[in-house]
Each structure stands twice: as C-alpha cells, then as structure tokens.
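Protein chains in written order, with our numbering: chain A, 35 to 189; chain B, 35 to 189; chain C, 11 to 132; chain D, 11 to 132.
Backbone N, C-alpha and C define an ideal beta-carbon position, used for all residues, glycine too.
A quick note: this is a predicted structure, and the numbers were derived from the prediction, not measured.
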Amino acid sequence: MGGLEMAMIEKKFRLQFPSSTENLAMVRSFLDNIGKQAGMPEGEVAKIQLAVDEACSNVIEHAYGHDQSKEVMVGVSYDDSQLMIAIVDRGRGFDPSTVRPQQLKDLVAERQTGGLGLQLIRSLMDEVRYDIVPGEKNQITMVKYFTNESRPESS
Amino acid sequence: MGGLEMAMIEKKFRLQFPSSTENLAMVRSFLDNIGKQAGMPEGEVAKIQLAVDEACSNVIEHAYGHDQSKEVMVGVSYDDSQLMIAIVDRGRGFDPSTVRPQQLKDLVAERQTGGLGLQLIRSLMDEVRYDIVPGEKNQITMVKYFTNESRPESS
Amino acid sequence: MADSFQVEKSSEGEITVLQVEGYLDAHTAPDFEKALEEAIQAGQHKIIVDCAKLDYISSAGLGVFMGFVEEVREQAGDIKICGLIPKVRQVFELLGFQQLYHIEDDRPAALAKFEESPTWGG
Amino acid sequence: MADSFQVEKSSEGEITVLQVEGYLDAHTAPDFEKALEEAIQAGQHKIIVDCAKLDYISSAGLGVFMGFVEEVREQAGDIKICGLIPKVRQVFELLGFQQLYHIEDDRPAALAKFEESPTWGG
Ligand SMILES: Nc1ncnc2c1ncn2[C@@H]1O[C@H](COP(=O)(O)OP(=O)(O)O)[C@@H](O)[C@H]1O
Ligand SMILES: Nc1ncnc2c1ncn2[C@@H]1O[C@H](COP(=O)(O)OP(=O)(O)O)[C@@H](O)[C@H]1O
Numbered sequence: 035m036g037g038l039e040m041a042m043i044e045k046k047f048r049l050q051f052p053s054s055t056e057n058l059a060m061v062r063s064f065l066d067n068i069g070k071q072a073g074m075p076e077g078e079v080a081k082i083q084l085a086v087d088e089a090c091s092n093v094i095e096h097a098y099g100h101d102q103s104k105e106v107m108v109g110v111s112y113d114d115s116q117l118m119i120a121i122v123d124r125g126r127g128f129d130p131s132t133v134r135p136q137q138l139k140d141l142v143a144e145r146q147t148g149g150l151g152l153q154l155i156r157s158l159m160d161e162v163r164y165d166i167v168p169g170e171k172n173q174i175t176m177v178k179y180f181t182n183e184s185r186p187e188s189s
Numbered sequence: 035m036g037g038l039e040m041a042m043i044e045k046k047f048r049l050q051f052p053s054s055t056e057n058l059a060m061v062r063s064f065l066d067n068i069g070k071q072a073g074m075p076e077g078e079v080a081k082i083q084l085a086v087d088e089a090c091s092n093v094i095e096h097a098y099g100h101d102q103s104k105e106v107m108v109g110v111s112y113d114d115s116q117l118m119i120a121i122v123d124r125g126r127g128f129d130p131s132t133v134r135p136q137q138l139k140d141l142v143a144e145r146q147t148g149g150l151g152l153q154l155i156r157s158l159m160d161e162v163r164y165d166i167v168p169g170e171k172n173q174i175t176m177v178k179y180f181t182n183e184s185r186p187e188s189s
Numbered sequence: 011m012a013d014s015f016q017v018e019k020s021s022e023g024e025i026t027v028l029q030v031e032g033y034l035d036a037h038t039a040p041d042f043e044k045a046l047e048e049a050i051q052a053g054q055h056k057i058i059v060d061c062a063k064l065d066y067i068s069s070a071g072l073g074v075f076m077g078f079v080e081e082v083r084e085q086a087g088d089i090k091i092c093g094l095i096p097k098v099r100q101v102f103e104l105l106g107f108q109q110l111y112h113i114e115d116d117r118p119a120a121l122a123k124f125e126e127s128p129t130w131g132g
Numbered sequence: 011m012a013d014s015f016q017v018e019k020s021s022e023g024e025i026t027v028l029q030v031e032g033y034l035d036a037h038t039a040p041d042f043e044k045a046l047e048e049a050i051q052a053g054q055h056k057i058i059v060d061c062a063k064l065d066y067i068s069s070a071g072l073g074v075f076m077g078f079v080e081e082v083r084e085q086a087g088d089i090k091i092c093g094l095i096p097k098v099r100q101v102f103e104l105l106g107f108q109q110l111y112h113i114e115d116d117r118p119a120a121l122a123k124f125e126e127s128p129t130w131g132g
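Below, the structure is given as structure tokens:
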C-alpha cells in the first residue's frame with residue numbers, strides 16, 4: 035500500500051459443505067479452479083489440493099466424528115505474492131503440539147492406517163498455523179508462497 | 035416431519051467468490067459435484083449449471099457492474115425431493131416484473147446481444163422467485179424437483 | 011479443470027469457418043465476438059460456426075450469434091451453425107434458434123446449405 | 011466430475027494384482043481396504059498394487075498400504091507397488107515409502123521383483 039505499483043486486490047473465496055468425505059472431491063475442484071486462475075503451476079495446485087484434503091479429512095473424522103449435520107468451511111485468498119487457506123470447524127479440537135511426528139517405519143510395524151496427515155501438510159505448505167478453541171472455532175491456516183513472486187509491497 | 039419414514043437430512047452448501055466472470059467455471063463445477071452426489075441425471079445437472087451461470091452472470095454484469103471487489107454467494111441445499119439454489123448479491127437490484135420476455139426475432143432484428151437470461155432460467159427450473167432489496171440483499175431462488183421423487187413428507 | 015474456450019478460423023472457398031471449442035460463457039463470449047467481428051470486418055459474410063467441439067453455451071454465447079447475423083444477411087451472407095452436441099443443441103432450441111438460423115448436422119451439411127440458400131430465406 | 015475410484019482384481023500365476031484407478035482419498039480408501047483385505051483373507055499374500063491409472067492419493071489411501079503389509083510379510087509374501095504417475099509418486103516419496111516398499115516402474119518389473127525377492131528383505 036502506498037507503493038508506486040498498484041497492488042493486486044486480494045481475491046477471496048469461501049466454500050462450506052456438510053462434514054462428509056464425499057465432499058472432498060468438491061474441495062479439490064474448488065482449489066483447482068482457484069489455483070488455475072491464480073496462474074499457479076499444476077504441481078503447486080496439486081500440493082495445495084492434497085494439503086487441504088488432509089486437513090478437511092481430519093476435520094470430518096476427528097473434529098466431527100463423521101457427523102454429516104456439521105459444516106466444514108474452507109476459505110481461500112490470494113494476492114500477487116501468496117495463497118492462504120483457512121479450514122475452520124466448530125468441533126472437538128485438539129492440541130497440535132501433543133501430536134508427535136511418527137516414523138513411517140513404526141506406523142507400519144504397528145499396523146497403523148493413519149498418522150501421516152499433519153506431517154504431509156507441513157511438508158507441502160510453506161506456513162502452517164493452528165488456532166484452536168474447542169467447540170467454538172478451530173482453524174488451521176496454511177500459506178503457499180508464489181515462486182518467482184514479486185515481493186508484496188511494504189506499506 | 036413426524037412421518038414414519040425417516041426424512042433425509044437436508045444437505046447445505048455455500049460458495050462465495052469475487053464478482054468476476056472468470057469464476058463462472060468454478061460455480062459450474064461446484065454444482066456438478068453436488069448434482070452428482072445428489073444422484074441427479076447428467077441432463078438435469080446441466081440445466082441447473084446453466085440456470086445458475088445465467089443468474090451469476092447477471093449479478094456480475096448488472097448488479098455489480100463488473101466490480102471484482104464485490105462478492106457473489108451461491109447457496110445450495112437438497113433433500114430427497116428437490117434441490118434449491120439461492121444466488122445472493124448486495125448490488126443494484128432490479129424489478130423483475132418490469133423485465134418483459136422478449137422474442138428472439140425482435141432481439142435479432144435489433145442486433146441485441148442479450149435479453150434471454152431470465153427466460154432461460156424460467157424454462158430450465160421448476161420454480162423461480164426473486165426477493166429484491168436494492169443495495170441490501172437481492173436474492174433469486176430457484177428450485178428443481180427430483181423426478182421419480184418420493185414426495186416430501188407433510189408434517 | 012478451469013473451463014477454457016478457443017476459436018479457430020479456416021476457409022472453405024469463399025466461406026469462412028469458425029471452429030469453437032470448449033466453454034462459451036460470459037467470460038469467453040468476448041473472444042468469440044472478437045473472432046466473428048474480425049471476419050465480418052474483413053468482408054467475410056458467409057460464415058459457418060462449427061460447434062462440434064463446443065461443450066457448453068450460455069446466453070452470453072448465444073448473444074454473439076444474435077448480434078451479428080443481421081449485418082451479414084444484409085450483405086447477402088449468413089451465419090450457419092453446425093455440429094451441436096445434444097446438450098448444446100437443447101439450449102439453442104429452448105430459445106427458438108432453429109426458427110431463425112440454419113442449424114445443420116455437420117460441416118459438409120452447412121457447406122451444402124450455403125449452396126442451396128446463401129442467405130436467410132434467399 | 012465427482013472423482014471416482016475403482017479396484018480391479020486379477021491374477022498372474024500365484025500373484026494377485028489389484029489395479030486401482032481414479033482418486034484414492036478418505037472417501038474411497040474403504041473400497042481399496044476391502045479389496046486388499048479380501049485378497050489377504052483368501053490366502054493371497056503376494057500382491058501387486060498397479061497404480062498406473064491412479065490419478066490421486068491422500069494419506070488415507072497410503073494408510074491402506076501401511077496397515078496390511080506386515081501381515082503379508084509374516085506370511086512370506088509382500089505388497090509391491092508399481093506404475094505410479096509422477097504426481098502420485100511424489101506423495102509416496104515425500105513420506106519415505108520407497109524405504110519400506112518395493113516401488114517398481116510397471117507390472118512386469120513388479121512381477122520380476124517377486125521372483126527376485128518374494129518378501130521384504132527376503
Ligand atoms: N481437525 C482435527 N480435530 C481434532 N483432532 C485432530 C484434527 N487433526 C488432527 N487431529 C489429531 O491429530 C492426529 C494426527 O493427525 P494426522 O497426522 O492427520 O493423522 P490421522 O488423521 O491419520 O490420524 C489425529 O489422529 C487426531 O487425533
Ligand atoms: N441480478 C440482476 N441485477 C440487476 N439487474 C438485473 C439482474 N438480472 C437481470 N437484470 C436486468 O434484467 C435484464 C434482463 O436480464 P437477462 O434476461 O438475463 O438478459 P441480459 O442479462 O442478457 O440483458 C437485464 O438487462 C438487467 O437490466
């Protein structure tokens with residue numbers, strides 16, 4: 035702001051849907067449309083789709099225990115430097131600091147079928163942040179920087 | 035409600051996006067995902083996509099005059115008898131009763147490039163309703179009945 | 011998956027063919043309008059719009075057909091339409107385009123129609 | 011466009027091939043799990059999962075590979091993976107699957123790998 039170049043207006047999108055895994059495909063096509071219009075390369079769009087799929091799957095399974103009457107919200111905004119995504123639920127919540135990253139080797143030995151989602155999100159996105167108020171508002175925010183970006187203007 | 039058969043829980047979806055025609059493709063894929071999971075035949079999904087595309091195009095062009103800083107909202111809900119869609123804007127508004135259906139012949143003679151959207155919506159959907167409060171909340175609501183439907187239970 | 015649109019121009023003798031492909035909506039209609047306008051401004055008044063690869067059309071796309079057909083007919087030309095897939099054909103027919111335009115099955119049929127009636131009702 | 015998923019089962023001698031197709035996420039992983047479980051319960055412990063037609067995988071799909079591989083390895087069998095498209099391969103590799111599974115280019119290579127090492131490290 036106040037710079038000489040005109041900053042791109044931030045574009046904002048929001049998708050709300052019943053807490054059911056059948057809606058994961060909808061979330062991915064929502065992100066595909068946004069990623070393409072933001073001019074992101076396909077590989078980057080794929081990473082974002084996967085990270086958001088993981089976060090939504092966690093909300094559907096863990097925060098809401100597959101209760102389809104609950105609602106999941108995915109908000110997306112982008113400008114010329116980055117794309118930011120917030121996934122919001124009003125369910126159980128959790129303390130991410132207590133979730134230890136687990137070794138695939140150990141998970142396999144214990145015949146676990148899960149435990150990789152949060153690790154995957156962290157390795158796919160540039161920033162990941164949690165704001166948890168159980169039962170009220172739990173939010174995971176993820177950011178992907180645009181490569182070859184023109185730095186956002188400082189004010 | 036109160037019937038012997040369990041009524042299907044209504045499923046609700048919502049999409050919000052910047053008022054720009056580049057987002058029409060997103061709206062169509064949103065509806066495609068919902069229509070498919072509601073078990074609608076492809077031809078019916080196509081009609082709904084077109085009707086909603088027309089209504090959103092009108093909002094983007096007429097209600098907001100292509101101002102991309104404005105937001106369009108599309109809400110969808112369905113149960114076992116029908117699918118209902120509301121398109122909401124906070125723009126200029128208009129009085130639908132003053133919009134006369136025009137003959138294609140006359141539009142062509144006058145070299146008009148528009149004037150068919152509202153007619154198309156009416157011929158594609160089973161119910162169409164407007165609730166207009168200019169600058170505050172303008173809403174077009176459209177309903178598509180499911181064919182071979184089990185009649186909604188009366189209370 | 012963002013729905014794209016393309017127009018390709020070619021000639022069959024004195025007839026100009028615009029092949030449209032993809033999704034023709036309020037976002038992409040200006041591209042189609044531009045292609046059609048350029049052809050007409052270059053004096054090409056016999057135009058076939060081949061829609062065999064057109065997946066989708068909304069009224070914004072139909073509007074392009076409406077806005078320019080009188081102009082070419084005044085010049086003893088026409089815009090003839092061909093190759094509509096059923097889903098797209100349905101939209102044209104819902105609005106009565108078959109009463110005001112020659113809509114043919116494919117490009118050869120549209121070319122033959124130009125032999126038979128170079129303009130509308132002519 | 012709603013993303014679908016399919017599993018097809020076939021045999022190559024004593025080896026069971028599960029060909030997976032489409033989108034493997036938390037919604038469709040139970041279908042894959044069921045197919046794999048059925049094969050194992052039927053005593054089939056040498057399994058190739060051919061992913062050549064797999065467009066997408068999330069951790070819910072990876073979890074199916076994780077949950078059953080010990081069981082077949084105890085029975086001197088293995089689950090070998092083949093045909094990953096680059097986008098899908100990247101997900102497997104991000105999580106280090108290549109250190110714990112034989113991941114081969116295509117089905118013949120996976121069959122050859124079973125000749126060479128019928129189980130993991132065996
Ligand atoms: N949105 C959420 N709400 C509540 N708990 C969560 C949420 N996301 C993750 N968790 C907790 O963190 C754990 C690790 O999550 P993750 O790495 O995605 O693996 P998985 O979901 O496969 O167990 C979960 O098992 C769950 O206990
Ligand atoms: N959402 C809207 N907000 C304001 N005006 C509208 C809206 N929708 C339609 N209109 C008015 O109704 C007219 C007819 O609309 P329509 O039949 O869709 O044709 P077109 O949009 O091609 O002109 C428009 O020209 C416009 O004046």
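Taking CB atoms only, glutamate 105 of chain B has no neighbour in chain C less than 8 Å away. For serine 63 of chain B, the closest C-alpha among the options C:Tyr111, C:Cys92, C:Val79 and C:Asp13 is that of C:Asp13. In the DSSP assignment, leucine 34 of chain C falls within the unbroken beta strand (DSSP E) covering 25–34. Checking the DSSP bridge columns, you'll see alanine 120 of chain A partnered with A:Gly109 and A:Thr175.
Shown here for glutamine 85 of chain D: same chain residues with a beta carbon closer than 7 Å to its own, the five before and five after excluded, namely His55 in chain order. Around the beta carbon of proline 52 of chain B, 16 or more other beta carbons sit within 10 angstroms, so the residue counts as buried. If you check each beta-carbon in the stretch 67–78 of chain B against every beta-carbon of chain A, the ones closer than 8 Å belong to Asn67, Ile68 and Gln71.
Non-local beta-carbon contacts of glutamine 116 of chain B in its own chain, meaning distances under 7 Å to residues more than five positions away in sequence, involve Val177, Lys178, Tyr179 and Phe180 in chain order. Of all residues in the stretch 102–134 of chain B, only Gln102, Ser103 and Glu105 come within less than 8 Å of chain A when Cβ atoms are compared, listed by chain position. Within its own chain, the residues whose Cβ lies closer than 7 Å to the Cβ of alanine 45 of chain D, once the five positions on either side in sequence are excluded, are Val17, Lys19 and Leu28, listed in chain order. Proximity of chain B to phenylalanine 102 of chain C at the Cβ level (cut-off 8 Å) is not reached, the minimal Cβ distance being about 10 Å.
For phenylalanine 51 of chain B, the enclosing beta strand (DSSP E) begins and ends at 45–52. Taking all protein chains shown into account, alanine 120 of chain D has 16 or more neighbouring C-beta atoms within 10 Å of its C-beta and is therefore buried.
In its chain, beyond the 5 residues on either side, Leu65, Asp66, Gly69 and Lys70 have a beta carbon closer than 8 Å to the beta carbon of valine 79 of chain B.
In this chain, the alpha helix (DSSP H) harbouring aspartate 140 of chain B covers 138–143.
The C-beta distance from leucine 64 of chain C to leucine 105 of chain C rounds to 16 Å, too long to fall under 8 Å, and the pair is not in contact. DSSP places glutamate 170 of chain A outside both helix and strand once states are collapsed to three, so it counts as coil. Neighbours of valine 74 of chain D in chain A, taken as residues whose beta carbon is under 8 Å from its own, are Thr147 in chain order. Against chain C, a Cβ distance below 7 Å from aspartate 87 of chain B picks out Asp35 and Ser68. Sequence-distant partners of phenylalanine 42 of chain D (beyond 5 residues in either direction) whose C-beta falls short of 7 Å from its own C-beta, in its chain, are Val17, Val30, Leu34, Gly71 and Val74. Going by beta carbons, aspartate 87 of chain A and leucine 49 of chain A fall outside the 8 Å limit. No Cβ of chain A is located within less than 8 Å of the beta carbon of methionine 42 of chain B. For lysine 171 of chain B, no CB of chain A lies under 8 Å from its own CB, so it is not counted at the interface with that chain. The beta carbon of serine 54 of chain A lies closer than 8 Å to those of Ile94, His100 and Gln102 in the same chain, with the five residues before and after it left out. DSSP, reduced to helix, strand and coil, places serine 69 of chain D within a helical segment of the structure shown. With respect to the 8 Å criterion, tyrosine 98 of chain B and aspartate 123 of chain B are classified as neighbours on the basis of their beta carbons.
Bridge pairing for arginine 163 of chain A: A:Thr175 [DSSP]. DSSP places phenylalanine 15 of chain D within a strand segment (E or B) once states are collapsed to three.
Between valine 79 of chain C and valine 142 of chain B the beta-carbon gap is near 6 Å, inside 8 Å, which marks them as a contact.
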